[in-house]
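Order-wise, the sequence lines are chains A and B.
Residue numbers for the first sequence follow the numbering used here, so the first one is 1 and each next one is one higher.
Residue numbers for the second sequence follow the numbering used here, so the first one is 1001 and each next one is one higher.
Glycine included, every Cβ here is placed at the ideal spot set by N, Cα and C.
Computed from a prediction, not measured in an experiment: that's the story for all the values here.
Here's the structure we're looking at; comments come further down.
2 protein chains.
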Amino acid sequence: MATIYDIAKKTGFSTTTVSKALNNYSDVSEKTKQKILQAVEEMGYLPNAHAQSLSTKKSWTIGVMFSESNEVGMKHPFFSAIIESFRKNAEREGYDLIFASRNLRNRDISYLEHFSYRAVDGIVVICSDPQDPQVQEMINSTIPIVVIDMNKQNCSLVFSDNIEGGKLAVNYLHSLGHTKIAHIAGDALTDAGAERIKGFKKAMNELNLPIHDGYLINGGLFSIGEGREAMEKLLMLDDVPTAVFVAGDHMAIGAIEAIKEKGLSVPEDISIIGYDDIEMAAYITPKLTTIKQDTDMIGYQAAQLLMKQIIQKKKLITSKRIPVELIIRESCAQKK
Amino acid sequence: MATIYDIAKKTGFSTTTVSKALNNYSDVSEKTKQKILQAVEEMGYLPNAHAQSLSTKKSWTIGVMFSESNEVGMKHPFFSAIIESFRKNAEREGYDLIFASRNLRNRDISYLEHFSYRAVDGIVVICSDPQDPQVQEMINSTIPIVVIDMNKQNCSLVFSDNIEGGKLAVNYLHSLGHTKIAHIAGDALTDAGAERIKGFKKAMNELNLPIHDGYLINGGLFSIGEGREAMEKLLMLDDVPTAVFVAGDHMAIGAIEAIKEKGLSVPEDISIIGYDDIEMAAYITPKLTTIKQDTDMIGYQAAQLLMKQIIQKKKLITSKRIPVELIIRESCAQKK
DNA sequence: TTCATTAACGAAAGCGCTTTCGGTAAAGAG
DNA sequence: CTCTTTACCGAAAGCGCTTTCGTTAATGAA
Chain A
1 MATIYDIAKK TGFSTTTVSK ALNNYSDVSE KTKQKILQAV EEMGYLPNAH AQSLSTKKSW
61 TIGVMFSESN EVGMKHPFFS AIIESFRKNA EREGYDLIFA SRNLRNRDIS YLEHFSYRAV
121 DGIVVICSDP QDPQVQEMIN STIPIVVIDM NKQNCSLVFS DNIEGGKLAV NYLHSLGHTK
181 IAHIAGDALT DAGAERIKGF KKAMNELNLP IHDGYLINGG LFSIGEGREA MEKLLMLDDV
241 PTAVFVAGDH MAIGAIEAIK EKGLSVPEDI SIIGYDDIEM AAYITPKLTT IKQDTDMIGY
301 QAAQLLMKQI IQKKKLITSK RIPVELIIRE SCAQKK
Chain B
1001 MATIYDIAKK TGFSTTTVSK ALNNYSDVSE KTKQKILQAV EEMGYLPNAH AQSLSTKKSW
1061 TIGVMFSESN EVGMKHPFFS AIIESFRKNA EREGYDLIFA SRNLRNRDIS YLEHFSYRAV
1121 DGIVVICSDP QDPQVQEMIN STIPIVVIDM NKQNCSLVFS DNIEGGKLAV NYLHSLGHTK
1181 IAHIAGDALT DAGAERIKGF KKAMNELNLP IHDGYLINGG LFSIGEGREA MEKLLMLDDV
1241 PTAVFVAGDH MAIGAIEAIK EKGLSVPEDI SIIGYDDIEM AAYITPKLTT IKQDTDMIGY
1301 QAAQLLMKQI IQKKKLITSK RIPVELIIRE SCAQKK
């Protein structure tokens, strides 16, 4: 690979001047700049990112940390949609994403250490566990960071309006005539889970609807299996709900399965409304009515927030609450 | 951040010795090594990846290039599953993944240029278009590379056994009594599409089954919409097939939708078998019978192949054909 | 004509690490 | 007791780039 020295030799200028020409310094004449640029072209010169970073202390990289809690990594459709949006926006500004492994040549180190080692300019984390010590360590570090899907950390945050989402779901169900509404919740240890519960309770309260015993049930970490189990418990109740708000689409799919296995049908016997609007939601039977999270916007805002911190060279404590939207499909029906 | 100089100063040794101690050189006594390691611990020293790479010419990073053809990027469930598996395996050896943006500080450059700039140790590409000039450029470069989902390039390749997959599908359909079997194909410009067509034809031939006019139809680039359109054409035929092998799960979902809209049902009227086994396949109605691609194995083999090249410091021309598997669910039925 | 600006360029140090090559002291061989 | 090994350590150069600060020449002002 050609270096800046080669360009210098070829053009007769110093490396200083070459560097300046490439970085648009004002103290290099237009004429020499053109000569240098031409040499660059001819020799196919490209700067070396490592050398550049070493000397400027800026790497033009952003570290991304995925929650590994359920071992899905970037297979998770909701998370990967956000990251994809984030990537597009960061890319526009010239940043590359780096997915760090935890193991630095077989010495197990923390994510923060790894990101420090790589000298990333910023970090984006998508992790549902607000207590995760790894996440806390990063939040407390000096590296700019934005965390997605949590809502009370001492750092920049981007999250959906989960309370509103919960209310939206309940109100919609109520508008269809339902009063016996249950909630298969996401684990309350996750912020998203807790907020949706809050929205559920609030809406029920405002509508003067009682929450029957057993109608608020923990569905764990949003998996299909857990959704199914929760629904099975609901079905064993003496007084089965006529509608259930499920805190995640995967769980909703599990719930629907449980209902079908019981010989009942959705939405005729029980209405189901999910949360997220993953791709699959539009294609299962019945097509899932759900609360759509705006992954494009979440990724966009996260990128903006992170880059703002990088530019200002200081951590900002900002929160962005992203609106959600009710998507009506076929899994909810008028109460009979 | 503490540097190697700080450690040197603190321990009284030279930076040379510190570096050697950290890299397990044999010419440093156990005693001084311990002292140095202790200082490292106390000061929380971490090496600087950029300085390291600059000096060793090895960055411990792997560049990943995603096909952008249909603008889904890492949202694509099949691709992201492969990358997730790849990541896990590369991580074990200490490599980080970097998703490069095409724009180097707003100067549009090629992927190859970008990866050269980042000095990645290797490249993995998942791209369905074998003609893509960007991909060709990378294949012809000196950087180790492995491409997934193509099968005749001058480089290391990992791909599913698509011919066998096609045969598997047809044979299964035939075993259910079907003879009027159609194929909604992936674009023949993609290797995967072409091979599945080959498998389809071969199997039909071996079974002495004729391929009726219009029974081999191009479904384009594997999207739901294209699958639907293709199926609609099939349904307009005078002699509608009783079973169709669809070259991708997304297309299969579209096909099923088209059939339902026509007032027919799957599998009672028409049997559908897909390809990929994406997560959704198990949850749509009817649950999709499909040919499963082993994404874990593909990712694993790709990682192995790439790291082998990196270690041997030379490009290898190897092909790994990964077996596929028939997953029987509910979208195919005995011919009536 | 002289002095102060301004424009254009380069020397050199620095970023943090690795690696070659020598050097010294201790140990072993004869 | 001398000579060769061996063990251990360090000086210094190099990786490719940026940036400060100085220098020189050309320009404008007076």
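Same chain, Cβ closer than 8 Å to residue i, five either side skipped, listed in chain order
{"i": "residue 130/A", "result": "150, 152, 153, 189, 190 and 191"}
{"i": "residue 1304/B", "result": "1089"}
{"i": "residue 299/A", "result": "81, 82, 83, 84, 85, 86, 87, 88 and 89"}
{"i": "residue 270/A", "result": "240, 241, 242, 243, 244, 259 and 264"}
Any C-beta of chain B under 9 Å from that of residue i
{"i": "residue 74/A", "result": "yes"}
{"i": "residue 169/A", "result": "no"}
{"i": "residue 215/A", "result": "no"}
{"i": "residue 137/A", "result": "no"}
{"i": "residue 88/A", "result": "yes"}
{"i": "residue 189/A", "result": "no"}
{"i": "residue 65/A", "result": "no"}
{"i": "residue 100/A", "result": "yes"}
Check: residue i C-beta below 8 Å from any heavy atom of the ligand FMN
{"i": "residue 163/A", "result": "The ligand FMN is not part of this structure, which contains no ligands at all."}
Minimum C-alpha distance to residue i - residue among the options
{"i": "residue 24/A", "options": "37/A, 14/A and 12/A", "result": "37/A"}
{"i": "residue 1286/B", "options": "1307/B, 1317/B and 1254/B", "result": "1254/B"}
{"i": "residue 201/A", "options": "168/A, 45/A and 15/A", "result": "168/A"}
{"i": "residue 1196/B", "options": "1002/B, 1184/B and 1008/B", "result": "1184/B"}
{"i": "residue 1109/B", "options": "77/A, 135/A, 322/A and 47/A", "result": "47/A"}
{"i": "residue 79/A", "options": "294/A, 22/A and 320/A", "result": "294/A"}
{"i": "residue 1319/B", "options": "1237/B, 1246/B, 1145/B and 1137/B", "result": "1145/B"}
{"i": "residue 230/A", "options": "170/A, 258/A and 157/A", "result": "258/A"}
{"i": "residue 226/A", "options": "256/A, 309/A, 6/A and 212/A", "result": "256/A"}
{"i": "residue 171/A", "options": "223/A, 161/A, 273/A and 297/A", "result": "273/A"}
{"i": "residue 1275/B", "options": "1297/B, 1262/B and 1250/B", "result": "1250/B"}
{"i": "residue 1011/B", "options": "1040/B, 1027/B and 1029/B", "result": "1040/B"}
{"i": "residue 301/A", "options": "148/A, 247/A and 43/A", "result": "148/A"}
{"i": "residue 141/A", "options": "121/A, 160/A, 177/A and 159/A", "result": "121/A"}
{"i": "residue 182/A", "options": "56/A, 161/A, 289/A and 204/A", "result": "204/A"}
{"i": "residue 213/A", "options": "224/A, 207/A, 61/A and 233/A", "result": "233/A"}
{"i": "residue 1076/B", "options": "280/A, 30/A and 8/A", "result": "280/A"}
Chain A within 9 Å of residue i, Cβ atoms only
{"i": "residue 1097/B", "result": "yes"}
{"i": "residue 1077/B", "result": "yes"}
{"i": "residue 1306/B", "result": "no"}
{"i": "residue 1331/B", "result": "no"}
{"i": "residue 1061/B", "result": "yes"}
{"i": "residue 1224/B", "result": "yes"}
{"i": "residue 1297/B", "result": "no"}
{"i": "residue 1207/B", "result": "no"}
{"i": "residue 1053/B", "result": "yes"}
{"i": "residue 1081/B", "result": "yes"}
{"i": "residue 1050/B", "result": "yes"}
{"i": "residue 1084/B", "result": "yes"}
{"i": "residue 1001/B", "result": "yes"}
Contacting residues, own chain, Cβ-Cβ under 7 Å from residue i (five flanking each side not counted)
{"i": "residue 198/A", "result": "163 and 166"}
{"i": "residue 53/A", "result": "59 and 119"}
{"i": "residue 1292/B", "result": "1277, 1324, 1325 and 1327"}
{"i": "residue 187/A", "result": "193, 218, 220 and 221"}
Proximal residues to residue i (C-beta, below 6 Å), its chain only, five neighbours per side dropped
{"i": "residue 1267/B", "result": "1331, 1332 and 1333"}
{"i": "residue 1065/B", "result": "1111 and 1125"}
{"i": "residue 1033/B", "result": "1021"}
Chain-ordered residues of the segment 279 to 293 of chain A with a beta carbon less than 8 Å from chain B: Cβ contacts with chain B: 279, 280, 283, 284 and 285.
Positions along the segment 27 to 47 of chain A whose CB lies within less than 9 Å of some CB in chain B: Those residues of the segment 27 to 47 of chain A that come within reach of chain B (Cβ to Cβ, closer than 9 Å) are 44, 46 and 47.
Length-filtered (4 minimum) alpha helix (DSSP H) runs lying within the segment 1248 to 1273 of chain B: Those alpha helix (DSSP H) runs which fall completely within the segment 1248 to 1273 of chain B and span 4+ residues are 1249 to 1261.
Near-chain A residues of the segment 1234 to 1264 of chain B - C-beta to any C-beta below 7 Å: Here the close residues are 1253.
Residues within the segment 1108 to 1124 of chain B neighbouring chain A, beta-carbon criterion of under 7 Å: Within the segment 1108 to 1124 of chain B, the qualifying residues are 1113, 1116, 1117, 1118 and 1119.
Complete beta strand (DSSP E) runs within the segment 96 to 168 of chain A (minimum length 3 residues, chain order): Complete beta strand (DSSP E) runs here, min 3: 96 to 99, 122 to 126, 145 to 148 and 156 to 160.
Entirely enclosed alpha helix (DSSP H) segments - the segment 1166 to 1235 of chain B, minimum 4 residues: If one requires a minimum length of 4 residues, the alpha helix (DSSP H) runs lying completely within the segment 1166 to 1235 of chain B are 1191 to 1206 and 1224 to 1235, in chain order.
3-residue-minimum beta strand (DSSP E) runs that sit fully inside the segment 1019 to 1080 of chain B, ordered along the chain: As summarised for the segment 1019 to 1080 of chain B, the continuous beta strand (DSSP E) elements at least 3 residues long and confined to that stretch are 1061 to 1066, given in chain order.
Segments of 4+ residues assigned as alpha helix (DSSP H) that fall wholly inside the segment 1291 to 1333 of chain B: Here the runs fully enclosed are 1295 to 1312.
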